[in-house]
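Protein chains: 2
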Amino acid sequence: MRQRDKRLAPAVTIKDVAKLAGTSIATVSYVFSERERPLRPELREKVLQAAAELGYVKNAAASSLKGKRRGILAVLVAQFANTFFTRMCVDIESIAREQGYVVTLCNSDEDPAQERLILERLIAQRIDGCILCPALAREENATLLRQYQIPYVILERAFPASFSEHNFVGHDNFQSGYLATRHLLEAGHRKIAFSGWDSPIPNVRERVNGYRAAMREYRLTADTERVLLGPLTEVAGRDMGARLLAEGVSAAVLGQQDTAKGTLLHFQDHNVRWPQDISVVMIGTPEWADFLRPRITCIQRPEKQMGREAASLLFEVMHVPSRPPVQRIFPCVVIERESVKRWEE
Amino acid sequence: MRQRDKRLAPAVTIKDVAKLAGTSIATVSYVFSERERPLRPELREKVLQAAAELGYVKNAAASSLKGKRRGILAVLVAQFANTFFTRMCVDIESIAREQGYVVTLCNSDEDPAQERLILERLIAQRIDGCILCPALAREENATLLRQYQIPYVILERAFPASFSEHNFVGHDNFQSGYLATRHLLEAGHRKIAFSGWDSPIPNVRERVNGYRAAMREYRLTADTERVLLGPLTEVAGRDMGARLLAEGVSAAVLGQQDTAKGTLLHFQDHNVRWPQDISVVMIGTPEWADFLRPRITCIQRPEKQMGREAASLLFEVMHVPSRPPVQRIFPCVVIERESVKRWEE
DNA sequence: TTGAAAGCGCTAACAG
DNA sequence: CTGTTAGCGCTTTCAA
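This is the structure in structure tokens:
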């Protein structure tokens, strides 16, 4: 009676079901548990009946108290609205669901303090596992996960100093820069610039290294290199567009898709045509690229596979927490289109 | 000792903290509870110390057992990768975080069965509240939330038959169709088509109604109306592009952004120029529209405000569950650009 | 086959 | 001020 005073009727519990079915709570528990236990079929039926009648749903939180899994996985990314992440998340989510987990998708918005706060909340929820794409690629918060013994996988952004200490899924940034540059070199270009995000994250730096390596292979010395970096904004990208033209290069690697957007908008607004005026290769495959004509030659990262891999690696870690960390790096491919023309000196 | 046999060390609990601080578990509980209780400052300090030393984090699941809130809010959308939803989610998430909640973001992928499964999982987690954008605008699953007394807000897709029975936040679909059409009519167009998604969702139908209403205001009879609908794919959109041209209209309302993408790609690939060859107004503001030249006149929906409103309405419902349902409909605005030319008969 | 009962980690009377 | 204790809903051992 006192309970009825509350605004909400209390949720139906195992006890209510047991009473209605005329059995004990243990029996009800077993009916809804994964663990098998011999049970007279008609009793089982009665329990199921009663549960359906009352609309019983097992309380996962209570269940977790007794050492059962919580049924929650977290995915914490740094740039929620970035399609690169969104695409991976879609697959992570569907795999997790197949395995009976709900996924909590959070956004640190590239802010380590925010990320820390979110992780603390997630730890308070006693999540079963976490896929983390660390804000600004900072390691400190990953340590939290380790400290609380939560199985986790680092996604896409590695910690160079302790690379092999974490489970990791990412793509080969070096290779993406290398492939993009080599593609231009093979087309005869020699004055090639690289533009991208001037970030604390090693990813773009790795791409720059790939660019440099390719340049070296063609015996191009350091003084021929042109690396333009700037903040992660459209405006900065536009600015890089202008600088790219001022540099007088015949080709450019657009090394990061958000800044590339600004650069290409600048080109478009100033009647700079590709590949006539400048040849370009972009790292990434944002949706807006579908509208560019001529179409842009891109370096494609295998987002779907990466998402699937991150999820299955997480499950492996959850099953065998003592497993030594593994790192899985995915290669990229060149999607050749019409933004590169042959260059004859 | 037996505990140590497990692969994972057991999480530190209130008991461990109490022991180290040399106090009772009740005291520890109060230190970490929102409820105030007079407490000697130095004791409080000792508890905090001990907790920090052990790395104690309150178990939200256990806490929820005693009627405390769980600290989880769910957002379940039908099209996870659609920027319209993503943008709203970003704001919902940040508001929820301010209030101390973790947001679980799920994707039903426009499949009611999937949606039901997810909702059951969420109910099992005893989420504190839910924002639901129902797959195919079907009502059946919203009923689940009501049945389990979970505070909820329906987002963006209304149930016409029982509109006022649910808390709702959405934009004015009728008005968006109306404004788009009137904009074209005011520019002198009379042969105007409407294209969009042939969906079971009332939203696009409402937009069509808006289109019709505007046409009527200009004394255009039903036989001058041209409504083209098709599936939610780029290919279907391209097809609509071709049909739009075949219809010989001078202007079109692109009533849904995913099909609009196909239509505009078709135009682009067939050298159909806007506004020279056809004037267009699009409902929606997808990111790719930034690249279209001339720029497309759009109907903008206030995504940010809608997200914030959905979140705050949910909090209101959570505080006063008995509150009669309210519906909040947001108006749209015309963002005028260069895709409409004056039409002289 | 089934049930009784002892907790899981935490909250909140209630008693000192 | 602070500690004791009875649960919250569920799992699982042990006994019947």
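One line per chain: the protein sequences are A and B, in this order. By the count of the working numbering, the first sequence reaches residue 345 at its end, each step adding exactly one. By the count of the working numbering, the second sequence reaches residue 1345 at its end, each step adding exactly one. Every residue gets a Cβ at the ideal spot worked out from N, C-alpha and C, and that includes glycine. It should be emphasised that the depicted structure is a prediction, and the values quoted were computed from it without experimental measurement.
- For H266(A), there is no enclosing beta strand (DSSP E); the residue is part of the alpha helix (DSSP H) that begins and ends at Q257 to D269.
- The beta-bridge partner set that DSSP reports for C1130(B) consists of A1074(B) and Y1152(B).
- Under the 7 Å criterion on CB atoms, A21(A) is classed as non-interfacial with respect to chain B.
- In this model, N209(A) and G188(A) are separated by some 20 Å (Cα to Cα).
- Nearest to N1167(B) by C-alpha distance, out of V1340(B), K1019(B), L1314(B) and W1343(B), is L1314(B).
- Considering only D1223(B), V1057(B), E1338(B) and T1263(B), the residue with the shortest C-alpha distance to D1239(B) is T1263(B).
- Beta-bridge analysis with DSSP links W1197(B) to G1230(B).
- Apart from sequence neighbours up to five positions away, the residues of its chain that approach E336(A) with a beta-carbon distance below 7 Å are T297, ordered along the chain.
- If only uninterrupted beta strand (DSSP E) runs of at least 3 residues are considered, those enclosed by the stretch 67-113 of chain A are 72-77 and 102-107.
- Ranked by Cα distance from V1077(B), the first of K1046(B), D1111(B) and K1058(B) is D1111(B).
- By a beta-carbon distance limit of 8 Å, W197(A) contacts L232(A). Their separation comes to about 5 Å.
- Look at L220(A) here: in three-state DSSP terms it is coil, with no helix or strand label.
- Look at E140(A): its C-beta is not under 7 Å from any C-beta on chain B.
- Where S1279(B) is concerned, there is no enclosing alpha helix (DSSP H), although the beta strand (DSSP E) around it starts and stops at S1279 to I1283.
- Closest in alpha carbon position to M282(A), among V317(A), T259(A) and T104(A), is T259(A).
- For the stretch 1273-1289 of chain B, residues whose beta-carbon sits nearer than 9 Å to a beta-carbon of chain A comprise P1286, E1287, W1288 and A1289.
- Separation of Q175(A) and Q327(A) (C-alpha to C-alpha, rounded to the nearest whole angstrom) is 16 Å.
- Per DSSP, the continuous beta strand (DSSP E) segment holding L1254(B) begins and ends at A1251 to L1254.
- Under the Cβ distance rule, A60(A) counts among the residues neighbouring chain B, one pair being separated by less than 7 Å.
- Within the same chain, E303, K304 and G307 come within 8 Å of R87(A) by CB-CB distance, once the 5 residues on both sides are set aside.
- By DSSP's assignment, T297(A) forms a beta bridge with V281(A).
- At least 7 Å separates the beta-carbon of G1071(B) from that of Y1030(B).
- Of the residues E344(A), Y152(A) and P286(A), the one whose Cα lies closest to the Cα of V320(A) is Y152(A).
- Taken through DSSP and simplified to helix, strand or coil, Q1327(B) comes out as strand.
- The count of Cβ pairs closer than 8 Å, one atom from the stretch 81-100 of chain A and one from the stretch 17-27 of chain A, stays below three, leaving the stretches out of contact.
- The continuous stretches of alpha helix (DSSP H) do not include F1032(B), and DSSP gives it neither H nor E.
- Legend: CB atoms of the stretch 116-136 of chain A lying less than 8 Å from CB atoms of chain B belong to residues L117, I118, E120, R121, L122, I123, A124, Q125 and R126.
- Cβ neighbours of K1341(B) within its own chain (closer than 8 Å, five residues either side excluded): A1187, P1275, Q1276 and S1279.
- When DSSP reads this structure, F163(A) sits in no beta bridge, so it has no partner.
- Chain-order list of chain A residues neighbouring E1093(B): F80, C106 and N107, by C-beta distance under 8 Å.
- In this structure, the alpha-carbon of V1227(B) lies about 6 Å from that of A1193(B).
- At a cut-off of 7 Å between beta carbons, V1017(B) makes no contact with chain A.
- Here the alpha carbon of H270(A) sits roughly 21 Å from the alpha carbon of K191(A).
- A straight line joining the alpha-carbon of E225(A) with that of A289(A) spans about 27 Å.
- Assignment of beta-bridge partners to H1171(B) by DSSP yields F1330(B).
- Under DSSP, I1192(B) forms a beta bridge with A1251(B).
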